[in-house]
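Take a look at the structure below.
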Amino acid sequence: MMSFARPLPRLFLLICLGFSWQFSLADAHSHGLVVENQFIESTPEAEGVPSSAIRKFVDRLEKNSPSAHSFVLLRHGKKIAEAWWAPYRKQEVHQIWSMSKSVTSAAIGFAVAEKRLGIYDPVIKFFPDDLPSQPSEHLKNLRVKDLLTMSTGQEQDPFEAMFMATDPGLARIFFAQPFDHKPGTLFVYNSGATYMLSAIIQKVTGQKLVDYLRPRLFEPLGIYQHPWEQSRDGITYGGFGLYLTTEDIAKFGQLYLNQGAWNGKQLLPAEWIAMSAAKQVSNGSNPEGFWDQGYGFQFWRNVGYGYRADGAFGQFCFILPEYDLVLAVTSGSQDMRITLDSVWQELIPQLQAGTLAAAPAENARLRKQLSQLVLPVAEGKRSSALAKLWSGKRIAFDSNELGISSAVIEFGSTATQITFNRDDLSARLEAGYQHWVDSEFAFDEYFHPNVFAVANNVASSAAWVHKNHFVVKMVCRHTHHTLTLNFRFSGDKVIVDGERDLDFGERKLPVLTGKRTP
Numbered sequence: 000m001m002s003f004a005r006p007l008p009r010l011f012l013l014i015c016l017g018f019s020w021q022f023s024l025a026d027a028h029s030h031g032l033v034v035e036n037q038f039i040e041s042t043p044e045a046e047g048v049p050s051s052a053i054r055k056f057v058d059r060l061e062k063n064s065p066s067a068h069s070f071v072l073l074r075h076g077k078k079i080a081e082a083w084w085a086p087y088r089k090q091e092v093h094q095i096w097s098m099s100k101s102v103t104s105a106a107i108g109f110a111v112a113e114k115r116l117g118i119y120d121p122v123i124k125f126f127p128d129d130l131p132s133q134p135s136e137h138l139k140n141l142r143v144k145d146l147l148t149m150s151t152g153q154e155q156d157p158f159e160a161m162f163m164a165t166d167p168g169l170a171r172i173f174f175a176q177p178f179d180h181k182p183g184t185l186f187v188y189n190s191g192a193t194y195m196l197s198a199i200i201q202k203v204t205g206q207k208l209v210d211y212l213r214p215r216l217f218e219p220l221g222i223y224q225h226p227w228e229q230s231r232d233g234i235t236y237g238g239f240g241l242y243l244t245t246e247d248i249a250k251f252g253q254l255y256l257n258q259g260a261w262n263g264k265q266l267l268p269a270e271w272i273a274m275s276a277a278k279q280v281s282n283g284s285n286p287e288g289f290w291d292q293g294y295g296f297q298f299w300r301n302v303g304y305g306y307r308a309d310g311a312f313g314q315f316c317f318i319l320p321e322y323d324l325v326l327a328v329t330s331g332s333q334d335m336r337i338t339l340d341s342v343w344q345e346l347i348p349q350l351q352a353g354t355l356a357a358a359p360a361e362n363a364r365l366r367k368q369l370s371q372l373v374l375p376v377a378e379g380k381r382s383s384a385l386a387k388l389w390s391g392k393r394i395a396f397d398s399n400e401l402g403i404s405s406a407v408i409e410f411g412s413t414a415t416q417i418t419f420n421r422d423d424l425s426a427r428l429e430a431g432y433q434h435w436v437d438s439e440f441a442f443d444e445y446f447h448p449n450v451f452a453v454a455n456n457v458a459s460s461a462a463w464v465h466k467n468h469f470v471v472k473m474v475c476r477h478t479h480h481t482l483t484l485n486f487r488f489s490g491d492k493v494i495v496d497g498e499r500d501l502d503f504g505e506r507k508l509p510v511l512t513g514k515r516t517p
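Counting along the sequence shown from 1, when you hit position 250 you're at 249 in numbering that gives the first Met the number 0, and nothing is skipped either side.
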């Protein structure tokens, strides 16, 4: 069980079985599609927020979170603060994990408004060819609403069974799992249910979820980078797999705060927003539990104020109608409560209804702080006597699980370049000393083959932590993943091991044993 209080599937690392991009980053850039800033900018004080409160919020994130990546803060529909911890960047999309579920919920809202389906429609009517030979009464009574509220009657998320199987037919596998309880009576976090919502959209519209949403949601909000993974059945995953920029997450939140209106046009019915945000099902009894306040239509209720979309490892979209506030956050943290506590203890208590007196000095301090945020680089020395012995030499590796056959390390004065070879692939990684350096490096091809990742966008730093121990720290800029590689040299041999900072499964990499060749 993860430490952030709600269950997550154990086998996210296996869902790469047959995914593909719906819309690539390369396509977005080649067509000149750039997200436009549709928010009016204002100072925090003009919108009733002390700059000092935002500074304390950032300080707390930096102190307690191993990796805060970005945030965008809106008050009264105006942008009052934003930041990206280098090497993360404003223009780049970020993996949002289960925050995707709330976007899928919006698609159901559009389809209901267009009378393509109703929330009380039996789910089985959309999948006549995928049902068991004798559907149970509970399955017959499963409604679209039960998928939305994750109250399908299943005691376990069918996600694992659906995505462990190698054959197509994920809907058939979903229906084959036991429905132990009457639908609508038991909340169980259920990524399989969200997948079925996406499958229903494809059934009733003839379009994949991401394509259906493009003219209805993404384009009206000026969201043009929205790659979204799909299953081996050709269905957008729905419950995960979407990538958005932080500002685009904030746009989605502002749409919901505006009760479905955007730039004077009603995109989603206000009634749908209200139902989505309301407590539709109980999910716990702890009055202080951030995952115990009730669940709406793929949205979590907050403690005391508003609701949110959230995703694994600290991806959030907070929507607080009581304060006319939206906050989008991306991060990489095993304990998601760090961000929640930071918002509830540093920001919310300081919010004021009216305008505060101007504080130019404090606002300048905030702007300076936000402009200088950077993730910690690899710590250590720039060089070692061993560097000359190994620089430019080919390292031949013994047979290993990663399939990496060889590497060449070139130690420079300001950065190190490492070329890895695997089968017919060759990729070069550059790592800076005391600073991050970008590389077009096939991250997932070499060190992370079992997760969703934008393969060629990493930033790296390096250092000698001991005379014979060289460390490389890699950040995949579009995900939460950070990977540390250790090179330990002894004579003409080197041992390479590594560990991912966060993951759903095993984090340590297989150990590589190599030898320097003449």
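Just so it is clear, CB atoms sit at the ideal spot from N, CA and C, and this is done for glycine as well.
Bear in mind that the values here come from a model prediction, so they are computed numbers and not experimental data.
Per the DSSP calculation, residue i is bridged to which residue(s)?
{"i": "residue 602", "result": "Outside the displayed range of the chain (0 to 517) lies residue 602, so it cannot be described from this structure."}
{"i": "residue 142", "result": "121"}
{"i": "residue 73", "result": "78 and 325"}
{"i": "residue 309", "result": "315"}
{"i": "residue 418", "result": "407 and 427"}
{"i": "residue 499", "result": "482"}
{"i": "residue 300", "result": "306"}
{"i": "residue 40", "result": "78"}
{"i": "residue 202", "result": "Looking at the DSSP assignment, residue 202 forms no beta bridge with any residue, so it has no partner."}
{"i": "residue 235", "result": "229"}
{"i": "residue 260", "result": "265"}
{"i": "residue 150", "result": "Residue 150 pairs with nothing; no bridge assigned."}
{"i": "residue 465", "result": "468"}
Is the separation between the beta-carbon of residue i and that of residue j shorter than 8 Å?
{"i": "residue 227", "j": "residue 203", "result": "no"}
{"i": "residue 216", "j": "residue 105", "result": "yes"}
{"i": "residue 325", "j": "residue 249", "result": "yes"}
{"i": "residue 102", "j": "residue 251", "result": "yes"}
{"i": "residue 424", "j": "residue 438", "result": "no"}
{"i": "residue 526", "j": "residue 234", "result": "Any answer about residue 526 is impossible in this case: the structure gives the chain only from 0 up to 517."}
{"i": "residue 390", "j": "residue 431", "result": "no"}
{"i": "residue 392", "j": "residue 213", "result": "no"}
{"i": "residue 512", "j": "residue 419", "result": "no"}
{"i": "residue 116", "j": "residue 143", "result": "yes"}
{"i": "residue 118", "j": "residue 139", "result": "no"}
{"i": "residue 191", "j": "residue 157", "result": "yes"}
{"i": "residue 93", "j": "residue 477", "result": "yes"}
{"i": "residue 194", "j": "residue 237", "result": "yes"}
{"i": "residue 38", "j": "residue 346", "result": "no"}
{"i": "residue 64", "j": "residue 394", "result": "no"}
{"i": "residue 472", "j": "residue 414", "result": "no"}
Roughly how many angstroms separate the alpha carbons of residue i and residue j, rounded to a whole number?
{"i": "residue 320", "j": "residue 51", "result": "22 Å"}
{"i": "residue 267", "j": "residue 354", "result": "31 Å"}
{"i": "residue 137", "j": "residue 496", "result": "50 Å"}
{"i": "residue 531", "j": "residue 152", "result": "Outside the modelled stretch of the chain, which goes from 0 to 517, sits residue 531, for which no answer is possible."}
{"i": "residue 409", "j": "residue 90", "result": "31 Å"}
{"i": "residue 480", "j": "residue 499", "result": "7 Å"}
{"i": "residue 435", "j": "residue 62", "result": "21 Å"}
{"i": "residue 126", "j": "residue 304", "result": "38 Å"}
{"i": "residue 218", "j": "residue 416", "result": "40 Å"}
{"i": "residue 9", "j": "residue 474", "result": "For residue 9, the predicted structure reports a pLDDT of 34, less than 50, and the residue's modelled location is therefore unreliable. The matter cannot be settled from this model."}
{"i": "residue 147", "j": "residue 294", "result": "9 Å"}
{"i": "residue 290", "j": "residue 344", "result": "17 Å"}
{"i": "residue 174", "j": "residue 129", "result": "7 Å"}
{"i": "residue 183", "j": "residue 110", "result": "21 Å"}
{"i": "residue 332", "j": "residue 501", "result": "7 Å"}
{"i": "residue 23", "j": "residue 349", "result": "With a pLDDT of 36 at residue 23, under the threshold of 50, the modelled position of this residue cannot be trusted; read the value that follows with caution. Rounded to the nearest angstrom, the two C-alpha atoms are 41 Å apart."}
{"i": "residue 44", "j": "residue 358", "result": "7 Å"}
{"i": "residue 400", "j": "residue 485", "result": "17 Å"}
{"i": "residue 368", "j": "residue 83", "result": "11 Å"}
{"i": "residue 363", "j": "residue 47", "result": "17 Å"}
{"i": "residue 231", "j": "residue 159", "result": "15 Å"}
{"i": "residue 518", "j": "residue 154", "result": "Here the chain has residues from 0 to 517 only, and residue 518 is not among them."}
{"i": "residue 243", "j": "residue 221", "result": "12 Å"}
{"i": "residue 370", "j": "residue 491", "result": "44 Å"}
{"i": "residue 335", "j": "residue 328", "result": "11 Å"}
Contact defined as beta carbons within less than 8 Å: I believe residue i pairs with residue j. What is the distance between those atoms, to the nearest angstrom?
{"i": "residue 297", "j": "residue 100", "result": "4 Å"}
{"i": "residue 311", "j": "residue 97", "result": "6 Å"}
{"i": "residue 518", "j": "residue 341", "result": "Any question about residue 518 goes unanswered here, given that the chain covers just 0 to 517."}
{"i": "residue 196", "j": "residue 107", "result": "6 Å"}
{"i": "residue 374", "j": "residue 85", "result": "7 Å"}
Quiz item: Hey, is the region 379-394 in contact with the region 500-507, meaning 3+ C-beta pairs nearer than 8 Å?
Solution: Counting C-beta pairs with one atom in each stretch, the region 379-394 and the region 500-507 have fewer than three that are closer than 8 Å, which means they do not touch.
Practice problem: For the region 163-174 and the region 73-80, state whether three or more C-beta atom pairs, one from each stretch, are separated by less than 8 Å. | Solution: Three or more beta-carbon pairs separated by less than 8 Å are not found between the region 163-174 and the region 73-80, which leaves the two stretches without contact.
Quiz item: Taking contact to mean at least 3 C-beta pairs separated by less than 8 Å, is the region 277-292 in contact with the region 67-76?
Solution: Contact between the region 277-292 and the region 67-76 is absent, because fewer than three Cβ pairs lie under 8 Å.
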